[in-house]
Amino acid sequence: MLVDLHTHSTFSDGRYTPTQLVQEAMAKGLTVLAITDHDSWNGVGEAQKVADSLGGSLRVIPGVELGAQYAEDSVHILAYYVDMTYAPLLEKMNELRHAREFRLLKMLEKLHNLGYEIEVEACDPNNRAVGRPHVAKALVAKGYFETVQDVFDALLHRGGPAYVPQPKLAPDEAVDLIHKAGGIAVLAHPSELSDGNLPEYLVSNFDFDGIEVYHPSADEADQEKWLALAKKYNILVSGGSDFHGILDRFPTELGIFEVEWQNVAGVIQYKEK
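Using this note's numbering, read the sequence shown as starting at 1040 and increasing by one per residue.
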């Protein structure tokens, strides 16, 4: 049985709606799918309803991907099974959304000064966790660039002329909120961190429940390293495609990078304990 515990919909920076994600997952033969939009869980309910209406062969796990910052590294944290009514987390998510909206305005101001005219509406900020991919797609749509990746390479990469840092949580604050909301915190794509020793420091100091071993950024050697780390600290193993559907920016497709159910059973069965 194949699963994917890391996907993004139109409620953050993905191209597929939650309904389309469910349909695609079922077409690919997946049995478990987690919707993990950036700073938003608004797509989870839709996905669960659609999956149920289509016969229930696909289980949709509620999730969200929170952004944190440690030193110079952007640390992403996958939260599964959180109580979506937990007030302190709702308040923090609302703060993060407003921070994203302010960041968008600052990026558009920088682009204007560079000669690129993009309206806020072109970035479709409503009901989304708006970010750089939305700006990049707007620039492509207006004919300034050929691809989203071209935009990132020229303007929106970290340190680029139109880049604006994103306000983020501290790792301990994020993990604490996730736990108080009844969820589990998984360190996302550790292979993308700049320091190969940082993942171990994070999981050993910030009470993570798991680590994303299986991810497109992790080669076989990385996977073995993260599996050993999970065993050493007795934490859960997770994995997924990090599917966005923006092929020139995120070169993965749902169903191409698949994870066997038994490899991540601890995450899937967490609420069954």
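All residues carry an ideal CB built from backbone N, CA and C; glycine is no exception.
Helix, strand or coil at residue i according to DSSP, with G and I counted as helix
{"i": "Glu1292", "result": "coil"}
{"i": "His1047", "result": "coil"}
{"i": "Ser1113", "result": "strand"}
{"i": "Val1121", "result": "coil"}
{"i": "His1077", "result": "strand"}
{"i": "Glu1212", "result": "helix"}
{"i": "Ile1217", "result": "helix"}
{"i": "Val1071", "result": "strand"}
{"i": "Leu1143", "result": "helix"}
{"i": "Gln1108", "result": "strand"}
{"i": "Arg1136", "result": "helix"}
{"i": "Leu1041", "result": "strand"}
{"i": "Gly1095", "result": "coil"}
{"i": "Gly1305", "result": "helix"}
{"i": "Gly1053", "result": "coil"}
{"i": "Gly1102", "result": "strand"}
Whole-number beta carbon distance between residue j and residue i, since they are thought to touch under 8 Å
{"i": "Gln1262", "j": "Tyr1253", "result": "6 Å"}
{"i": "Val1099", "j": "Ala1118", "result": "No, Val1099 and Ala1118 are not in contact; Cβ-Cβ is about 15 Å, not under 8 Å."}
{"i": "Ile1157", "j": "Leu1147", "result": "6 Å"}
{"i": "Val1042", "j": "Trp1300", "result": "5 Å"}
{"i": "Ser1051", "j": "Arg1167", "result": "6 Å"}
{"i": "Leu1208", "j": "Pro1127", "result": "Their Cβ separation, rounded to whole angstroms, is 12 Å, which puts Leu1208 and Pro1127 out of contact at 8 Å."}
{"i": "Glu1239", "j": "Leu1268", "result": "6 Å"}
{"i": "Asp1163", "j": "His1173", "result": "6 Å"}
Spatially closest choice to residue i from the options, by CA coordinates
{"i": "Val1121", "options": "Gly1221, Ala1064, Gln1301 and Val1303", "result": "Gly1221"}
{"i": "Pro1204", "options": "Tyr1155, Val1242, Ala1138 and Gln1188", "result": "Ala1138"}
{"i": "Arg1197", "options": "Leu1072, Glu1111 and Glu1292", "result": "Glu1111"}
{"i": "Pro1255", "options": "Ile1116, Leu1097 and Pro1229", "result": "Pro1229"}
{"i": "Val1303", "options": "Thr1124, Leu1266, Ala1213 and His1151", "result": "Leu1266"}
{"i": "Val1306", "options": "Phe1245, Val1225 and Gln1188", "result": "Val1225"}
{"i": "His1077", "options": "Gly1106, Met1065, Lys1088 and Thr1056", "result": "Gly1106"}
{"i": "Ile1116", "options": "Ala1227, Leu1069 and Glu1299", "result": "Ala1227"}
{"i": "Leu1044", "options": "Ala1180, Leu1060 and Ile1285", "result": "Leu1060"}
{"i": "His1151", "options": "Glu1085, Thr1186 and Pro1200", "result": "Pro1200"}
{"i": "Val998", "options": "Asp1163, Met1123, Gly1068 and Thr1058", "result": "For the chain, the structure presents residues 1040 to 1312; residue 998 sits outside this window and is missing."}
{"i": "Val1179", "options": "Leu1195, Thr1058 and Glu1231", "result": "Leu1195"}
{"i": "Arg1171", "options": "Asn1081, Thr1056 and Phe1191", "result": "Phe1191"}
{"i": "Gln1321", "options": "Tyr1109, Ala1064 and Gln1108", "result": "Residue 1321 lies beyond the residue range present for the chain, which begins at 1040 and ends at 1312; the question has no answer from this structure."}
{"i": "Gly1154", "options": "Asn1133, Lys1181, Thr1070 and Glu1140", "result": "Lys1181"}
{"i": "His1283", "options": "Lys1176, Asn1244 and Gln1308", "result": "Lys1176"}
{"i": "His1114", "options": "Lys1219, Asp1258, Ala1213 and Glu1292", "result": "The identity of residue 1114 in the sequence shown is Val, whereas the question assumes His. Val1114 has its Cα closest to that of Ala1213, out of Lys1219, Asp1258, Ala1213 and Glu1292."}
Buried versus exposed, by CB contacts within 10 Å (16 or more), residue i
{"i": "Ser1048", "result": "buried"}
{"i": "Lys1310", "result": "exposed"}
{"i": "Glu1130", "result": "exposed"}
{"i": "Pro1290", "result": "Unreliable positioning characterises Pro1290 in this predicted model, as indicated by a pLDDT of 49, which lies under 50. The coordinate reading is nonetheless provided below. Per the 10 Å Cβ criterion, exposed."}
{"i": "Ser1277", "result": "buried"}
{"i": "Tyr1055", "result": "buried"}
{"i": "Thr1046", "result": "buried"}
{"i": "Phe1141", "result": "exposed"}
Residue-level contact to chain B via CB, residue i, 8 Å cutoff
{"i": "Leu1044", "result": "Within the model displayed, chain B is absent; a lone protein chain is all it includes."}
Check: residue i C-beta below 7 Å from any heavy atom of the ligand GTP
{"i": "Val1099", "result": "Here there are no bound small molecules, and the ligand GTP is not part of this structure."}
ask   = Enumerated in chain order, which unbroken segments of the alpha helix (DSSP H) with a length of 4 residues or greater are wholly contained in the region 1213-1291?
value = 1237-1244 and 1259-1272
request  = Note down, one range per segment and in chain order, each alpha helix (DSSP H) of at least 4 residues found wholly within the region 1148-1205.
outcome  = 1171-1180 and 1187-1190
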